[in-house]
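**Student:** Got a structure for you, written out below as structure tokens; questions coming shortly.
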Amino acid sequence: MASSYAAVYEAWKQDPQAFWAEAATAVDWFTPADTTFDAAEGVYGRWFVGAQTNTCYNCIDRHVLAGRGDQVALIYDSPVTGTVEHWTYAQMLAEVQALASVYLELGVTRGDRVIIYMPMVPQAIAAMLAASRIGAVHSVVFGGFAANELATRIDDCTPRLIVSASCGIETARIVAYKPLLDAAIDMAHHKPDHCLVFQRPQCRADLQAGRDMDYRDEVERAMVADVGTPCVPMEATDPLYILYTSGTTGQPKGVVRDTGGHMVALLWSMQHFYGLKPGDVFWTASDIGWVVGHSYIVYGPLLNGNTTVLYEGKPIGTPDAGAFWRVIAQHGVTALFTAPTAFRAIRKEDPQAGLIEDHDLSSLRVLFLAGERADPDTLDWAETVLKVPVIDHWWQTETGWPIAGNPRGLGLLAVKHGSATVPLPGYDVRILDDGGHPVTAGTLGNVVIGLPLPPGCLPTFWNADNRFRSGCLEEFPDHYKTADAGYIDDDGYIFIMARTDDIINVAGHRLSTGSMEEICASHPDVAECAVIGIKDAIKGQVPAGFLVLNANVSRETADIEREVVALVRNRIGPVAAFKTVMCIKRLPKTRSGKILRGTMQKIADGLDWKMPATIDDPLILDEIGAVLHDRGFARRTPGN
């Protein structure tokens, strides 16, 4: 099977335009492209120039027209409300058509922006598709985002309409969205014309007369009118959505996704990377506020005619660490895609995976992990308890689909724990030193991608071409800078070790915190961990490890800390200067599961820091600060 991948990747290298022109035949076009790739367009060139299509049509209409309207498109599973709903493609089409009609009545037209500020409910997906149906550009902002962060996004993309909900539910806690939305609009210089609010029974919102409208009332009225809302032909190069990267401070950075190339790339990935067929049940346990949710809860599965699972819950606590197993069994999930942090949380609560025995997981064929580095220990545990292939893969908000991974649809390659495996067609991945020179195999360096980027990747930032050039393209000419550090081994396997700002300099030695975390996580009592660099007057920086232990560990933490120090020093050597380890209750993370290492480092170094807008639980940082203070490190409260 390895030859299948090799042949496909070589075919792309030999003639990229022919490769992507062939891939584009999976999309329904209203008008074919004048040229597959035009290097003279945009910042580094544009894909499928001259073609016209519509994303909503390809996601919904064409499946209904093909006679598959009765197939389930969406399973909504909400353990926090006790709700399970099945939406067919025909039902999705009716909801989306009606909502698109409401948009038009409210003055939203092609090219206008619509902000979507909603929890994980089917109406949020309908709001995205309705925007694409009429040619509006949507920008999903994570539900419950702080008012000031929402305000910066309102000012940056200047929406005519905001679609929101009265509340979200975080495990057992109700979060009222409307007060946050009202505060954000008050702060913003730009004011939307209207807000559509989906009222949830757990917390109803007060609506402002003249501006706010009830989502369900308006959609039901439009359904009765049944005027029908056709799909607007869009240029392949028109923007589909803007997605602001997590952790943005100051001026927001809006990643733009185009219409045509996005569909081509996602369809290719669904079939040839994820290896899924129409009708398969695909569950991506993420949030629509992140790129993973955009690509593989919403667009990828619907484009490919899959059934997608929309899960409003957590891996633990809704109600327990068996939640994922229940969803897989109940809905016949074929493939699960989640972040490694979810499995670390499950393992911490149920190290022996005893809860899995209560569920029939025979439908599950594969597990995909992405969003952060998957440590080998977590991969091994997942393989052991699920008894299916576990595929780590690597990509970014900016690329929108995988850069590297083990291509299930082309035949799985040999697995190397800790590696994202091989680059996918479209990606010329290279490792360069800080001077822009290639490094030898196995040498840690800057991971870059040769231009042009393939279809589906960002063409630019929203209204910020120069910022895109300076931030992503200038440091390494003719390459896109991923800002990740890693290496490629002699077999061509890619190892992503850390963000480049997570490479620490210990007495002149460049060391990866990712490699240290991998060793820490191999200790049998450690559920998850993080390693950061703390400033040191002699060595410049020294590493410090933070360990979260498994739930059933009763040993002295001091003993575990000594053992972990010994593990790192034995495997990396004294050059690592690894002496400081702290056992803590939990790690600070974003709501997408990424560990806030940068913020932890600022706290440890005594620098001013800002409360991250995407943090899951702000109180965790107080706990981290207290632990660091007890260990003799500097501590400051948040500042600007």
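Last residue of the sequence shown: number 640 in the UniProt record's numbering, and the count goes up by one each step with no gaps. For each residue, glycine too, the CB sits at the ideal point set by N, CA and C. All values derive from a computational prediction rather than experimental measurement.
For the putative contact between Gly50 and Ala265, defined by C-beta atoms under 8 Å, what is the C-beta separation to the nearest angstrom?
**Tutor:** For the purposes of this step, residue 50 is taken as residue 50 along the sequence shown, with counting starting at 1. For the purposes of this step, residue 265 is taken as residue 265 along the sequence shown, with counting starting at 1. Their Cβ separation, rounded to whole angstroms, is 18 Å, which puts Gly50 and Ala265 out of contact at 8 Å.
**Student:** Could you compute how far the alpha carbon of Thr248 sits from the alpha carbon of Ala613?
**Tutor:** Here residue 248 corresponds to residue number 248 of the sequence shown, with the count starting at 1. Here residue 613 corresponds to residue number 613 of the sequence shown, with the count starting at 1. Note on Thr248: pLDDT 39, under 50, position unreliable in the model; no value is reported.
**Student:** Would you call the segment 483-499 and the segment 56-74 in contact, with 3 or more CB pairs under 8 Å?
**Tutor:** no
**Student:** Less than 7 Å between C-beta atoms, sequence neighbours within five positions excluded: which residues of the same chain meet that for Ala183?
**Tutor:** As a working note, residue 183 is residue 183 in the sequence shown. If you ignore the 5 residues before and after Ala183, its C-beta comes within less than 7 Å of the C-beta of Ala147, all in its own chain and listed in chain order.
**Student:** Excluding the five sequence neighbours on either side, which residues of its own chain have a C-beta within less than 8 Å of the C-beta of Val439, listed in chain order?
**Tutor:** The count along the sequence shown starts at 1 and reaches residue 439 at position 439. The answer, listed in chain order, is Ile431, Leu432, Asp433, Gly445 and Tyr487.
**Student:** Please report the Cβ distance between Leu355 and Trp381, rounded to the nearest whole angstrom; I am assuming they are in contact, meaning their Cβ atoms lie under 8 Å.
**Tutor:** Mapped onto the sequence shown, residue 355 falls at position 355. Mapped onto the sequence shown, residue 381 falls at position 381. Going by Cβ atoms, the distance from Leu355 to Trp381 rounds to 14 Å, so no, they are not a contact pair.
**Student:** Indicate whether His551 and Pro351 have their beta-carbon atoms separated by less than 8 Å.
**Tutor:** To locate residue 551, count along the sequence shown from 1; it is residue 551. To locate residue 351, count along the sequence shown from 1; it is residue 351. According to the sequence displayed, residue 551 carries Ala and not His. For Ala551 and Pro351, yes; Cβs fall inside 8 Å.
**Student:** Under the rule that 16 or more other beta-carbon atoms within 10 Å means buried, what is Ala2, buried or exposed?
**Tutor:** Here residue 2 refers to the residue found at position 2 of the sequence shown. Annotation note: pLDDT 48 at Ala2 (below 50); position unreliable, coordinate value reported separately. Burial call: exposed.
**Student:** If Met270 and Leu240 are in contact, beta carbons under 8 Å, what's the gap, nearest whole angstrom?
**Tutor:** Indexing the sequence shown from 1 puts residue 270 at position 270. Indexing the sequence shown from 1 puts residue 240 at position 240. About 17 Å; that fails the 8 Å criterion.
**Student:** Looking only at its chain, what residues have a beta carbon closer than 6 Å to the beta carbon of Val519, apart from the 5 residues adjacent to it on each side?
**Tutor:** Position 519 of the sequence shown, counting from 1, holds the residue named residue 519. Sequence check: residue 519 is Ile here, not Val. Excluding residues within five positions, the ones whose Cβ falls inside 6 Å are Leu567, Val568 and Arg571.
**Student:** When you compare each of Leu129, Gly107, Trp29 and Val114 to Val96 by their alpha carbons, which one comes out closest?
**Tutor:** Looking up residue 96 in the sequence shown gives position 96. For the residues Leu129, Gly107, Trp29 and Val114, the minimum Cα distance to Val96 belongs to Leu129.
**Student:** Between Val447 and Val422, is the Cβ-Cβ spacing less than 8 Å?
**Tutor:** Residue mapping note: residue 447 aligns to position 447 of the sequence shown, counting from 1. Residue mapping note: residue 422 aligns to position 422 of the sequence shown, counting from 1. No.
**Student:** Three or more C-beta pairs closer than 8 Å, one from the segment 326-340 and one from the segment 100-109: is that the case here?
**Tutor:** no
**Student:** Between Gln601 and Ile532, is the Cβ-Cβ spacing less than 8 Å?
**Tutor:** Start at 1 with the first residue of the sequence shown, and residue 601 comes out as number 601. Start at 1 with the first residue of the sequence shown, and residue 532 comes out as number 532. In this structure, Ile532 lies closer than 8 Å to Gln601 by Cβ.
**Student:** Beta strand (DSSP E) containing Ala544: first to last residue?
**Tutor:** As a first step, residue 544 must be located in the sequence shown, where it is residue number 544. Here the beta strand (DSSP E) through Ala544 covers Gly540 to Leu549.
**Student:** Per DSSP, Tyr487 is paired with what?
**Tutor:** As a working mapping, residue 487 is identified with position 487 in the sequence shown. Beta-bridge partners of Tyr487 (DSSP): Phe495.
**Student:** Determine the closest residue to Cys583 out of Tyr9, Phe633, Ile75 and Ala530, with distance taken between C-alpha atoms.
**Tutor:** Taking the first residue of the sequence shown as 1, we reach residue 583 at position 583. Ranking the options by Cα distance to Cys583, first place goes to Ala530.
**Student:** Would you call the segment 251-261 and the segment 172-180 touching, i.e. three or more CB-CB distances under 8 Å?
**Tutor:** no
**Student:** Taking only runs that begin and end inside the segment 452-477, name each unbroken beta strand (DSSP E) of 3 or more residues, in chain order.
**Tutor:** none
**Student:** Assuming Val141 contacts Arg153 (C-beta within less than 8 Å), just tell me the rounded distance between them.
**Tutor:** Here residue 141 is taken as the residue at index 141 of the sequence shown, counted from 1. Here residue 153 is taken as the residue at index 153 of the sequence shown, counted from 1. Sure, about 6 Å apart at Cβ, within 8 Å.
**Student:** In three-state DSSP terms, what is Glu149?
**Tutor:** The residue labelled residue 149 in the question sits at position 149 within the sequence shown. Correct three-state label for Glu149: helix.
**Student:** Would you call Arg597 buried or exposed, if buried means 16 or more other Cβ atoms sit within 10 Å of its Cβ?
**Tutor:** Walking along the sequence shown from the start, residue 597 turns up at place 597. That one is buried.
**Student:** Report buried or exposed for Met516, applying the criterion of at least 16 other Cβ atoms within 10 angstroms of its Cβ.
**Tutor:** Counting from one through the sequence shown, the residue named residue 516 turns up at place 516. Met516 should be labelled buried.
**Student:** Taking the alpha carbon of Ala188 as the reference point, which residue from Glu149, Leu267 and Gly210 has its own alpha carbon closest?
**Tutor:** Counting from 1 along the sequence shown, the entry for residue 188 is found at position 188. With distances taken between Cα atoms, Ala188 lies closest to Glu149.
**Student:** Given Val390, which residues of its chain have a CB within under 7 Å of its CB, disregarding the five upstream and five downstream residues?
**Tutor:** As a working mapping, residue 390 is identified with position 390 in the sequence shown. Here the set comprises Leu367, Leu369, Leu379, Ala382 and Glu383.
**Student:** Between Gly210, His194, Arg216 and Asp193, which has its C-alpha nearest Arg204's C-alpha?
**Tutor:** Numbered from 1 along the sequence shown, position 204 holds the residue referred to as residue 204. Looking at the Cα atoms, Arg216 is the closest of the given residues.
**Student:** Buried or exposed for Tyr5, please, with buried defined as at least 16 other CB atoms from any protein chain shown within 10 angstroms of its CB.
**Tutor:** Position 5 of the sequence shown, counting from 1, holds the residue named residue 5. That one is buried.
**Student:** Would you tell me roughly how many angstroms separate the C-alpha atoms of Met118 and Leu310, rounded to the nearest one?
**Tutor:** Along the sequence shown, one-based indexing puts residue 118 at 118. Along the sequence shown, one-based indexing puts residue 310 at 310. Approximately 13 Å between the Cα atoms of the pair.
**Student:** Are the segment 396-404 and the segment 451-469 in contact at 8 Å, needing three or more beta carbon pairs?
**Tutor:** yes
**Student:** Based on the DSSP output, what are the partners of Pro179 in its beta bridges?
**Tutor:** To locate residue 179, count along the sequence shown from 1; it is residue 179. Answer is none; Pro179 lacks a bridge partner.
**Student:** Could you name the residues that DSSP lists as bridge partners for Asp77?
**Tutor:** Position 77 of the sequence shown, counting from 1, holds the residue named residue 77. Paired residue(s): Val84 and Tyr311.
**Student:** State the beta-bridge partners of Val526 as determined by DSSP.
**Tutor:** Translated into positions along the sequence shown, residue 526 becomes position 526. Partner(s): Leu549.
**Student:** Measure the alpha-carbon distance for Pro192 versus Ser164 and round it to whole angstroms.
**Tutor:** By one-based count along the sequence shown, residue 192 stands at place 192. By one-based count along the sequence shown, residue 164 stands at place 164. Straight-line measurement puts the Cα of Ser164 at about 13 Å from the Cα of Pro192.
**Student:** Do you know offhand how far Gly442's Cα is from Arg467's?
**Tutor:** As a first step, residue 442 is located in the sequence shown; it is residue number 442 there, counting from the start. As a first step, residue 467 is located in the sequence shown; it is residue number 467 there, counting from the start. So the alpha carbons of these two residues sit roughly 32 Å apart.
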